[in-house]
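J.: Residue numbers (the working numbering): 263 to 433.
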Amino acid sequence: MNNIQKPREGEYANYFKGYLALNSTEPYQKQLMTQIESCFSLFETKGEEWANKAYAEGKWTPKEVLGHIIDTERIMTFRALCFARGEKSSLPGFEQDEYVANAEFNQVHFQDLLEDFKNQRLALLSLIKTLPEDSLSNLGLASGNSISPRALFWIIPGHFAHHFSILKERY
């Protein structure tokens, strides 16, 4: 499977509509690859000093934002795998601020974070190729909300778009 259709109403909680609305009109795989290129370009243009500086007190640095994106994509991908395989147990949420604080992303060179981001995206695309089409609409429970693998996959680029626009506008 090279491309997946957008999720239908009922495959996700209303909370995620905002992320889904941020997706481009590009096909799914192309959108993911374009986002990799855009992320690399921004970080490589701005450099390490920029990547270590928050735009305001109490806000994440660009490296922490990128680390948060990677963590979130890993969690969403894991959830999608679980539900595609028929998992019936409810999966827990995660506290993003604790994850970022415990990760110490500012101690990691931004090039290593960029490579990690790219590798996560490639692993995501590899997983999608192996999933049966009908498994994409399986519903599971995560963070107390019903959601499908298809919706989780489409939330990923929307979540990236949300944070990437903040990186470009405020940093």
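C-beta atoms are modelled at their ideal positions from N, C-alpha and C, and glycine is treated no differently.
Do L353 and A404 have their CB atoms nearer than 7 Å?
T.: Residue mapping note: residue 353 aligns to position 91 of the sequence shown, counting from 1. Residue mapping note: residue 404 aligns to position 142 of the sequence shown, counting from 1. Contact flag set, yes.
J.: Starting from G329, follow its DSSP beta bridges and name the residues at the other end.
T.: Here residue 329 refers to the residue found at position 67 of the sequence shown. According to DSSP, which records beta bridges pairwise, G329 is partnered with nothing at all.
J.: Could you check whether the region 393-402 touches the region 365-372, counting it as contact only if at least three pairs of C-beta atoms, one from each stretch, sit closer than 8 Å?
T.: By the Cβ rule, the region 393-402 does not count as touching the region 365-372, because fewer than three pairs are nearer than 8 Å.
J.: Taking C-alpha atoms, which residue in L387, T296 and A316 lies nearest to R336?
T.: The sequence position of residue 336 within the sequence shown is 74, counting from 1. Among L387, T296 and A316, the Cα nearest to that of R336 belongs to L387.
J.: Locate the alpha helix (DSSP H) running through I409, then write down its first and last residues.
T.: One-based indexing of the sequence shown puts residue 409 at position 147. I409 -> not in any alpha helix (DSSP H); beta strand (DSSP E) instead, spanning N407 to I409.
J.: Looking at the secondary structure, which residues open and close the beta strand (DSSP E) in which A404 lies?
T.: Stepping through the sequence shown from its first residue, residue 404 is reached at position 142. Start and end: G402 to A404.
J.: Between the beta-carbon of E288 and the beta-carbon of S410, is there less than 7 Å?
T.: Looking up residue 288 in the sequence shown gives position 26. Looking up residue 410 in the sequence shown gives position 148. In this structure, S410 does not lie closer than 7 Å to E288 by Cβ.
J.: Could you give the distance in angstroms between the alpha-carbon of K292 and the alpha-carbon of P419?
T.: One-based indexing of the sequence shown puts residue 292 at position 30. One-based indexing of the sequence shown puts residue 419 at position 157. If you take the alpha carbons of K292 and P419, they lie about 11 Å apart.
J.: Taking the beta carbon of F305 as the centre, do at least 16 other beta carbons fall within 10 Å, making it buried, or is it exposed?
T.: Translated into the one-based positions of the sequence shown, residue 305 becomes position 43. F305 is buried by the Cβ-count criterion.
J.: Going by DSSP, name the residue or residues bridged to L429.
T.: By 1-based counting over the sequence shown, the position of residue 429 is 167. Beta-bridge pairing links L429 to no other residue.
J.: Is L284 helix, strand or coil by DSSP?
T.: Residue numbering aside, residue 284 sits at position 22 when the sequence shown is read from its first letter. L284 falls in the coil class under three-state DSSP.
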